[in-house]
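Read through the structure below, which is laid out as C-alpha cells, and then see the notes.
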Amino acid sequence: MKVLITGGAGFIGSTVASACLDAGFTPVILDSLVTGRREFTEGRAFYEGDIADGELVDRVFADHPDIAATIHCAALIVVPESVSAPLHYYRENVAKTVALVEHLQRNGCERLLFSSSASIYRPGEDFSVDEGSQLDPLSPYARTKMLTELIFKDTAEASSLRVLSLRYFNPIGADPALRTGLQTPAPSHALGKLVQARSAGRPFLLTGTDWPTRDGSGIRDYVHVWDLARAHVAALDRFDAVLPPDRAGSYEVLNLGTGRGTTVRELVAAFEAVTGERVATEEAPRRPGDNAGAFSRTAKAERLLGWRTELSLEQGIADTLAWFERREAVLGA
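Residue numbers 1 to 333, in the UniProt record's numbering, belong to the letters of the sequence shown in order.
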C-alpha cells in the first residue's frame, strides 16, 4: 500500500514514514520544507510544495494512482507563535487543509488519518481525559486543531471521506534507529529546552509553577514518537475495520498517549536519572497559551487498534539525547 504523508519531512511525519517503510507500506512525502528537512526524505518519493497546491497534489496522484490513504501531519505547532500570529496559523493549519481535502476528494482518496492534538481538551479533576471529555482549546494553535476536526466531521457526514483523528499527547524521543528526530536545534517543548539548558550550562526554566497539580508544575503525557508512529501503522492496518466504507458519518477520534501523567518537575528528575547529572532550575511565569496539561485514558485505542505504548519516558529521554548527539551529522546544522 502507498500512503501520502503531508508534512512527511518533519519530526513526526518522517518518523511515521520510517515506521510505514518498516511495516511494508510505501510513503509518498509532500512537504513545503518550511519546517521540514530535505534530509528526512532521502530514499523516499518526495514532492516539495504546499498542501493547498491543487496542481501539485494532482501530479502526486497521477504519479502514484495506487495511494490508498493520506496521513495529514502538515501543520505549524508552536503555541506562543500562534498567540502572536493567529491569522497565520488559521491560514496554514485550517484554510490550507480545506484545500487539501478538496484535492484528495477530487483524486478519489477517501481514507484520511489526521494528526490532531490533546491540547484541545479541558482536563478533568485528575487531569485525565478520554475521547468524550469536554473540549476547551486555550491557544490559536489548539483551536486550529479543533476547527479542523469539526471540518473533517462535517465533511465525512456529507461525503465518502472517512477520517480517523489521532489526538497526540506530548511526543518525545526519536526514531530508535536515529534515521530522523527533531529537526530544529531549539525545540519549544519542555524536553527540548532541558537538552538546550544542559548544552548551554544554564538553568532550566520551569514556566508555570502555580498549576493545581501535585507539585505545581504542568502535567503532560510524554509519549515516545516511535510509539506514535506504530499507532499510525496500526491505524492503516485496521482502517477499514474501524471505519467501514458503508458506515454513515465515517469519523472517529482516538487518543494516543501512555495513560500516565508526568509533571515537568518529574520530567526533570527523570532527565537527571538518565544523564546522571543534576539540573539547575529556575521558576518563571506561565507562557502565553499555556495550560495545566492532561494525560490520556487509552482504552479506546487499545480496543480499536490493538495498540498501546511500549517505550518508557526514560527511553524517550535517552533517544532524544542520542539524536541530538547525531543531529549535526545528519542535518549539517
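Here a beta-carbon is modelled for each residue, glycine too, at the ideal position from N, C-alpha and C. Note that this is a predicted model, so its numbers are computed, not measured.
Close beta carbons around residue i, own chain, < 6 Å, minus the five adjacent residues each side
i	result
Gly54	His103
Leu304	Val242
Val78	Ser188
Lys145	Ser116, Ser117 and Ile120
Leu205	Glu282 and Ala284
Own chain, CB closer than 8 Å to residue i, minus 5 neighbours either side, in chain order
i	result
Arg327	Gly181, Leu182 and Pro185
Leu56	Leu30, Tyr47, Gly49 and Asp50
Ala156	Arg162, Val163, Gly249, Ser250 and Tyr251
Selected residue, minimal CA-CA separation from residue i, among the options
i	options	result
Gly306	Pro288, Leu256, Glu277 and Glu283	Leu256
Glu283	Ile12, Ala74 and Thr207	Thr207
Ile5	Gln196, Arg122, Ala45 and Glu252	Ala45
Asp31	Asp66, Ile67 and Leu76	Leu76
Phe61	Ser199, Asp50, Arg106 and Val279	Arg106
Asn291	Leu147, Lys193 and Leu138	Leu138
Glu81	Ala177, Ala273, Ile12 and Ala142	Ala142
Arg265	Leu191, Ala52, Arg111 and Ala235	Leu191
Leu313	Pro212, Phe271, Pro86 and Arg179	Phe271
Thr97	Gln134, Phe152 and Gly108	Phe152
Ala85	Pro140, Leu112, Arg111 and Leu113	Pro140
Thr275	Ser159, Asp136, Gln315 and His64	Gln315
His64	Thr35, Cys109 and Leu21	Cys109
Exposure of residue i, with buried meaning 16 or more beta-carbon neighbours within 10 Å
i	result
His88	exposed
Asp215	exposed
Gly43	exposed
Ala329	exposed
Ala280	exposed
Gly13	buried
Leu321	buried
Gln200	A small fix is needed here, since residue 200 is Ala in this sequence, not Gln. Counting Cβ neighbours within 10 Å, Ala200 comes out exposed, since fewer than 16 surround it.
Val250	The sequence shown places Ser at residue 250, rather than the Val named in the question. The residue is buried, with at least 16 neighbouring Cβ atoms inside 10 Å.
Asp227	buried
Ala269	exposed
Asp175	buried
Ala52	buried
Glu125	exposed
Leu150	exposed
Rounded distance between the beta-carbons of residue j and residue i, thought under 8 Å
i	j	result
residue 352	Val83	Since the displayed the chain opens at 1 and closes at 333, residue 352 lies outside it and no answer follows.
Phe40	Ala9	5 Å
Leu267	Arg37	About 26 Å separates the two Cβ atoms, so there is no contact after all.
Ala23	Phe239	That pair is no contact at about 13 Å.
Phe127	Thr213	7 Å
Val101	Leu161	7 Å
Leu254	Ala197	Incorrect: roughly 34 Å between the Cβ atoms, too far for contact.
Contacts around residue i, its chain only, beta-carbon distance under 7 Å, and the 5 residues preceding and following it disregarded
i	result
Leu33	Ala9 and Glu48
Ala17	Ile5, Gly8, Pro27, Ile29 and Arg44
Arg260	Asp221 and Phe295
Asn93	Ala75, Leu76, Thr144 and Thr148
Short Cβ contact (8 Å threshold) for residue i with residue j
i	j	result
Ile317	Thr262	no
Ser115	Leu166	yes
Ala118	Tyr168	yes
Gly132	Asp319	no
Ser296	Val129	yes
Ala294	Pro123	yes
His224	Thr309	yes
Val195	Phe324	yes
Ala99	Arg230	no
Lys2	Ile67	yes
Leu236	Phe25	yes
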